[in-house]
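Numbering of the sequence shown is given in our numbering, commencing with residue 292 and proceeding in unit increments.
Ideal Cβ placement from N, Cα and C applies to all residues, glycine included.
Model, not experiment: these values are computed from the prediction.
A short worksheet on the structure shown next.
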Amino acid sequence: MKLQFKSLGKPESISEKDWFNWMWQVRNIQNFGNKKSNFSSGATPYYLKLATKAPILKPIVEISQKEFYVGRQSLKDPLGEEKHSPFSKLIHRYPDRVLFLVTDQCAVYCRYCTRKRFTGKKKGLSSKAEQAEILSYIKKNKGIREVILSGGDPLTLSDSILDNILKKLREISHVEIIRIASRMPVVCPMRLTDSLCHVLKKYQPVFLMTHFNHPLELTKEVQESLTRMADSGILLFNQTVLLNQINNNPSIIQALMRRLLYLRVKPYYMFQCDPSEGTDHFRTSIEDSLSIQKELWGRLSGLALPNLSLDIPGGGGKVGLVPDFALQKEKEQWHFKGWDFVEGSYKNPVRNHLKIATANETYQKEWELLTNQTYGKKNSQTKKFN
Ligand code: SF4
């Protein structure tokens, strides 16, 4: 049977005009829990309605007493982003790409957020001076090929502000790829308007990175919005966070990934939850996450299978968590047992018969630029990739 998506509908007391207006949703962000927390709280009326209907989603937005316990690991800056920030709103952790924190505002304050130290501090849009500084840094560093707009949530900004930022980025000739990381498609699908599609289309290639965690987040409203984006040629990828008691079950994850793929959103990453402050109760054990990934392997199309990944606390970057199917690893052959227990060996070719392929000058120069690119903080902490 064809996959079906149910409409969330709107409350009777609110007009269609308001409910389906993304700016109305953002203006009317409400609190779900009333406990005090150092981290902002709130979500759009749309997502609050969804979480009321689907209580499994409530812990994502509701402040829980568990947040106030210091558990096994509790870090202010779990990814060590500050040490890789040449400016407070720019993170340069990898040689060829940077993360530009364009705003600290979100349309939902996820209780497991990695960047709690920055998000929702009511600073809003980065200032003109900050933007100019960041754009000039990107311009100077010719090895930067990709800019990821993040925050906060870049899609809480108006089309004209976004248009202006994208235009300036596209004026830098070595910026090849632009990514926009947003949870708006989940918590405010009405944000994905025709006018937004029109803006993004002008600056292709643009990748929209969505952040769905549960198949119940995929409503009819979401289906329509994602279809609009995909039909406009915007490439859609999803990042999921594995969350204890919310989605840490292979049947939930397979349902999410299959539906996303059907909606033309490629499941990209499935993250181990980062140990930011007050998130101990959200985290799954690495072993359990790997076991979910192993269950999905082979049963789920490779297109629908995300990369299970973890960010090394303190700033070590991402590492892939891959189920190990090798039974024996020897110089001459590796022996494997596959996902449905079929065994076989791969015999390595004799190494001294092998030759490295010759790269032409263009490819070689590109590689040298990448491997010599400095990144990180200015001065003492600047690193080289080798
Ligand atoms: S939308 Fe993203 S940045 Fe905002 S609170 Fe949620 S996870 Fe953090």
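Could you tell me the alpha carbon to alpha carbon distance between residue i and residue j, rounded to whole angstroms?
i	j	result
V513	K414	29 Å
K412	G442	11 Å
R550	K511	12 Å
M475	T447	7 Å
S331	Y400	6 Å
P597	S298	26 Å
L457	L499	13 Å
I347	N322	17 Å
L341	T653	51 Å
I429	F391	10 Å
S451	I305	27 Å
I577	Q563	7 Å
F359	E568	9 Å
F616	L591	17 Å
N325	L533	26 Å
E421	D395	13 Å
L339	I647	56 Å
V438	E623	42 Å
D444	R642	49 Å
M561	L453	27 Å
M520	H644	49 Å
Q545	P604	28 Å
A423	F378	11 Å
K380	S328	24 Å
Which residues mark the beginning and the end of the beta strand (DSSP E) in which residue i is found?
i	result
R384	L381 to Y385
K638	E634 to K638
D602	N598 to I603
V393	Looking at the DSSP string, V393 is not in any beta strand (DSSP E), and its letter there is neither H nor E.
Q316	Note, Q316: premise wrong, no beta strand (DSSP E); alpha helix (DSSP H) at W313 to R318.
K620	A617 to K620
What is the C-beta distance between residue i and residue j, in whole angstroms, given that I count them as a contact (C-beta under 8 Å)?
i	j	result
N529	V497	16 Å between Cβ atoms; not a contact.
L547	P506	5 Å
T232	N540	Since the displayed the chain opens at 292 and closes at 677, residue 232 lies outside it and no answer follows.
F523	K492	The sequence as given places Ser at residue 523; Phe does not occur at that position. Yes, S523 and K492 are in contact; Cβ-Cβ is about 6 Å, under 8 Å.
G593	W630	Not really, about 11 Å apart at Cβ, beyond 8 Å.
G333	I320	4 Å
L618	K628	5 Å
F503	T531	7 Å
A398	V490	About 18 Å; that fails the 8 Å criterion.
L527	L517	6 Å
For residue i, report the span of its alpha helix (DSSP H) as first-last.
i	result
N663	E652 to N663
T343	P336 to K344
K349	K349 to V352
K628	Element bounds for K628: not the alpha helix (DSSP H) but the beta strand (DSSP E), Q624 to K628.
K327	Careful: K327 lies outside any alpha helix (DSSP H) and carries neither H nor E.
D309	E307 to W310
Within the 8 Å Cβ cut-off, does residue i reach chain E?
i	result
T570	This model lacks chain E altogether; it includes just one protein chain.
Threshold first: 4 residues or longer. Then list the alpha helix (DSSP H) segments lying entirely within the segment 429-512, N to C. With a minimum length of 4 residues, the continuous alpha helix (DSSP H) runs that stay inside the segment 429-512 are 450-461, 475-478 and 485-492.
Are three or more beta carbon pairs between the segment 312-319 and the segment 457-468 nearer than 8 Å? By the Cβ criterion, the segment 312-319 is not in contact with the segment 457-468, since fewer than three pairs of Cβ atoms, one from each stretch, lie closer than 8 Å.
Can you confirm whether the segment 393-410 touches the segment 362-373 when touching is taken to mean that 3 or more C-beta pairs between the two stretches lie within less than 8 Å? Touching, per the Cβ criterion.
Segments assigned alpha helix (DSSP H), at least 4 residues, entirely inside the segment 525-612: Whole alpha helix (DSSP H) segments, 4+ residues: 541-553 and 577-587.
Count the C-beta pairs between the segment 649-663 and the segment 429-436 that are closer than 8 Å, then say yes if the count reaches three, no if not. These segments touch.
Closer than 8 Å is the cut-off here; do at least three beta carbon pairs connect the segment 625-642 with the segment 597-612? Touching, no, given that fewer than three Cβ pairs across the two stretches are closer than 8 Å.
Pair every Cβ in the segment 342-360 with every Cβ in the segment 368-386, then say whether three or more of these pairs are closer than 8 Å. Three or more Cβ pairs closer than 8 Å define a contact, and the segment 342-360 falls short of that threshold against the segment 368-386.
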